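One structure below.
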Amino acid sequence: MTVETSPEAQLEPPQTSLSTAAARNLATTTKSAPQMQEITSRWLLRMLPWVETKGGTYRVNRRLSYTVGDGYIEFVQDGADVRVIPRELGELALLRGFEDVEVLTAIADRCVQRDFRAGEVLVERGTPAEQIHLIAHGRVNQISVGKYGGEVSGDVLADGDHFGENALLDGDAKWDYTATTATTGTLLTLSRADFAAVLSTAPSLQAHVERFSSLPHQRQNRHGEAEIAMSAGHTGEPELPGTFVDYELRPREYELSVAQTVLRIHTRVADLYNGPMNQTEEQLRLTIEALRERQEHELINNREFGLLHNAAFKQRIQSHSGLPTPDDLDDLLSRRRGTKLFLAHPRTIAAVGREFNARGLYPDHVDLGGQQVPAWRGVPILPCGKIPISKANTSSILAMRTGEDNQGVIGLRQTGLPEEYEPGLSVRFMGISEQAIISYLVSTYYSAAILVPDALGVLENVQIGRRHG
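Just so we're aligned, residue 1 is where the sequence shown starts under the numbering used here, counting upward by one.
So, in structure tokens, the structure goes:
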């Protein structure tokens with residue numbers, strides 16, 4: 001019987017040595033450690049000075065600050081929650097000169113918070129006016145009807161302004177303009193019914209509403225802090241002024257937050273498959289990387305202590321043109337001393353570069369730990385992918401001063417934890433299950449504090465798309 005072979009098979013030379021496929025069965029394979037795409041540079045964690053927080057709580061004590069008499073209403077931020085300072089209600093013409101703190105507090109407690117987006121209509125011309133609006137943050141445009149029937153732009157209201165005060169007492173009041181929002185922001189509303197409820201139970205307020213006396217001037221410095229009286233440049237022996245430094249009665253306290261997970265490893269894997277790499281160590285390394293990434297995300301975005309939500313309203317500004325220009329970065333720098341760094345999404349940094357290049361400018365570079373990073377006026381511009389980008393393709397740029405001694409932004413953590421693996425991070429053995437699964441509890445504790453309001457500034461609603469044309 002004849003077996004036919006193809007011409008190609010007839011041309012293949014016979015094997016004269018061991019094949020590479022067979023040889024690999026006896027060879028030692030060179031392997032990489034497990035890789036992970038989620039790992040980023042985490043500049044915020046690297047640049048924040050970390051302050052030891054014993055007891056799990058850090059209290060920020062400040063001088064008592066209020067600026068009654070400047071025409072603007074000020075608010076207190078506690079995470080994402082906003083409250084009006086009761087005495088600041090004295091900026092309303094109706095309450096100017098009224099000093100019954102208990103009654104003012106009762107009025108402040110009835111103010112309702114409302115967060116708004118750009119383009120919302122807050123009030124419409126001709127509709128009944130039943131509320132006063134106190135703008136904590138954001139911009140509101142007033143549009144009325146002109147003499148010849150066309151729409152006329154009225155006032156542009158921003159942080160600390162208010163409108164609708166006549167609605168508190170006049171039951172027939174109507175809006176003579178339409179108010180629309182130009183940016184995202186927050187306001188508080190007080191209805192006529194809520195004000196009337198307080199008025200009916202407060203004789204002192206009833207008497208004041210009838211009087212409308214003016215508020216006596218209270219001396220304060222340019223930051224709104226109660227002035228410390230002193231004398232300078234005098235001769236002889238004049239009587240020196242007496243003074244004291246007053247403090248906030250309800251200082252902000254930051255409690256350490258936590259990120260945790262339970263790492264599970266089968267004993268068979270831990271016992272048998274540890275060469276050349278330790279399986280437990282590699283599993284733990286990647287788990288810790290993920291926890292650190294989450295930690296940085298929380299420091300930026302958490303509503304209780306995250307930097308984006310806790311930046312003071314007066315330290316938030318809008319871009320001149322929507323795009324991030326050198327003028328915008330200069331505005332951020334001018335609002336604080338000793339700015340340590342800018343923090344922006346990588347796409348925002350690319351937009352900054354485009355705007356600089358369009359003007360024939362090229363950012364400097366500075367050395368940061370042996371790495372060259374872009375900078376503006378000597379302040380490094382560092383990437384942080386945790387800063388969100390909105391559906392409208394806008395983002396934010398943060399500028400901050402850091403350090404406890406500089407009254408800046410600080411990170412909070414507690415070291416010396418039981419079974420501590422890294423500073424502020426512990427790995428605790430939880431036991432072995434009946435299925436032979438080893439469990440480890442991996443925990444890290446952290447928070448961030450802004451010691452004074454001007455330590456952190458935010459350039460909001462930065463357009464990061466390309467120009468057309």
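We treat Cβ as the ideally placed atom computed from N, Cα and C, and that holds for glycine.
Here the structure is a predicted model, which means the values were calculated and not measured.
**Prompt:** If Val156 and Asn141 are in contact, beta carbons under 8 Å, what's the gap, nearest whole angstrom?
**Reply:** 6 Å
**Request:** Kindly give me the distance between the Cβ atoms of Ala448 and Ile387, rounded to whole angstroms, as I take these residues to be in contact under 8 Å.
**Result:** No, Ala448 and Ile387 are not in contact; Cβ-Cβ is about 14 Å, not under 8 Å.
**Item:** Residue interval of the alpha helix (DSSP H) (run including Ser334)
**Value:** Pro326 to Ser334 is the extent of the alpha helix (DSSP H) around Ser334.
**Request:** State yes or no: is the C-beta of Thr57 within less than 9 Å of the C-beta of Glu253?
**Result:** yes
**Request:** Note the first and the last residue of the continuous beta strand (DSSP E) segment covering Gly353.
**Result:** Note, Gly353: premise wrong, no beta strand (DSSP E); alpha helix (DSSP H) at Pro346 to Ala358.
**Request:** Note down the Cα distance separating His217 from Arg87, rounded to an integer number of angstroms.
**Result:** Caution is warranted here: a pLDDT of 41 is assigned to His217, below 50, making its placement in the model unreliable, and no coordinate value can be reported.
**Range covered by the alpha helix (DSSP H) that runs through Gln309** = Residue identity differs from the one stated: residue 309 is His in this sequence, not Gln. Residues Leu307 to Asn310.
**Prompt:** How would you call Ser213, buried or exposed, if buried means at least 16 neighbouring beta carbons within 10 angstroms?
**Reply:** Unreliable positioning characterises Ser213 in this predicted model, as indicated by a pLDDT of 36, which lies under 50. A coordinate reading is not provided.
**Prompt:** Does the Cβ-Cβ distance between Val198 and Val442 come in under 9 Å?
**Reply:** no
**Message:** My output table needs one value for Ala207: the three-state DSSP class, helix, strand or coil.
**Reply:** helix
**Message:** Measuring alpha carbon to alpha carbon, tell me which residue in Leu368, Ile381 and His365 is nearest Ala351.
**Reply:** Comparing Cα positions, the closest option is Ile381.
**Prompt:** Do the stretch 32-39 and the stretch 328-346 touch if we need at least three Cβ pairs shorter than 8 Å?
**Reply:** Contact between the stretch 32-39 and the stretch 328-346 is absent, with fewer than three C-beta pairs closer than 8 Å.
**Request:** Take His320 and list the residues in its own chain whose beta-carbon comes closer than 7 Å to its own, dropping the five residues that flank it on each side.
**Result:** Asp327 and Asp328
**Prompt:** How big is the Cα-Cα spacing for Ala202 and Glu460?
**Reply:** Ala202 and Glu460 have their C-alpha atoms some 42 Å from each other.
**Own chain residues within Cβ distance below 8 Å of Thr267, not counting five before or after** = Ile432, Ala436, Ile437 and Ile438
**Request:** Spell out a yes or no on whether the stretch 163-180 and the stretch 301-311 are touching, meaning 3 or more CB-CB pairs, one atom from each, closer than 8 Å.
**Result:** no
**Asked** Ordered along the chain, which non-local residues of its own chain (more than five positions away) have a Cβ less than 8 Å from that of His162?
**Response** Ile73, Glu91, Leu92, Ile132, His133, Leu134 and Ile135
**Request:** Check whether the Cβ atoms of Arg292 and Leu45 sit closer than 9 Å, and answer yes or no.
**Result:** It is a contact, given that the beta carbons lie within the stated cut-off.
**Beta carbon proximity, Ile107 to chain C, threshold 9 Å** = This model lacks chain C altogether; it includes just one protein chain.
**Asked** Between which two residues does the alpha helix (DSSP H) carrying Thr40 extend?
**Response** Taken as a continuous stretch (DSSP letters only), Thr40 belongs to no alpha helix (DSSP H), as it is neither H nor E.
**Asked** For Arg268, does the three-state DSSP call read helix, strand or coil?
**Response** helix
**Request:** Leaving out five residues on either side along the sequence, give the residues of the same chain with a beta carbon under 6 Å from the beta carbon of Arg264.
**Result:** Ile437 and Ser439
**Item:** Span of the alpha helix (DSSP H), counted from its first residue to its last, around Arg428
**Value:** Taken as a continuous stretch (DSSP letters only), Arg428 belongs to no alpha helix (DSSP H), being part of the beta strand (DSSP E) at Leu425 to Ile432.
**Asked** So, is Gln15 buried or exposed, given that buried needs 16 or more other C-beta atoms within 10 angstroms?
**Response** exposed
**Message:** Given this structure, state the Cα-to-Cα distance separating Lys54 from Ile317, to the nearest angstrom.
**Reply:** Between Lys54 and Ile317, the C-alpha separation is close to 35 Å.
**Prompt:** Should the stretch 185-200 be called in touch with the stretch 94-113, which here means at least 3 C-beta pairs below 8 Å?
**Reply:** yes
**Prompt:** Going by the beta-carbon positions, is the gap between Ala375 and Pro363 smaller than 9 Å?
**Reply:** yes
**Request:** Tell whether a beta-carbon distance below 9 Å holds between Ile464 and His345.
**Result:** yes
**Request:** Take Ala182 as the anchor and find which of Gly416, Glu120, Glu52 and Met430 has the nearest alpha-carbon.
**Result:** Glu120
**Glu298 to Lys340 span [Cα, whole Å]** = 21 Å
**Request:** Between the Cα of Leu368 and those of Trp43, Glu255, Ala23 and Glu12, spot the shortest distance and give me the residue it belongs to.
**Result:** Nearest C-alpha to Leu368 among Trp43, Glu255, Ala23 and Glu12: Trp43.
**Item:** Straight-line Cα distance separating Val462 from Gly322
**Value:** 5 Å
**Item:** Of the listed residues Val51, Phe98, Val76 and Val373, nearest to Glu210 (C-alpha basis)
**Value:** Phe98
**Request:** Let me know the beta strand (DSSP E) ranges lying completely inside the stretch 151-200, each 3 residues or longer, listed in chain order.
**Result:** Along the stretch 151-200, the beta strand (DSSP E) occurs as fully enclosed runs of 3 or more residues at 151-157, 178-181 and 185-191, listed in sequence order.
**Asked** Does the beta-carbon distance from Ala158 to Arg336 come in below 9 Å?
**Response** no
**Request:** Check the DSSP bridge columns for Gly375 and list the partner residues they point to.
**Result:** As written in the sequence, residue 375 is Ala, which differs from the Gly given in the question. Ala375 is bridged to Asp364 and Pro380.
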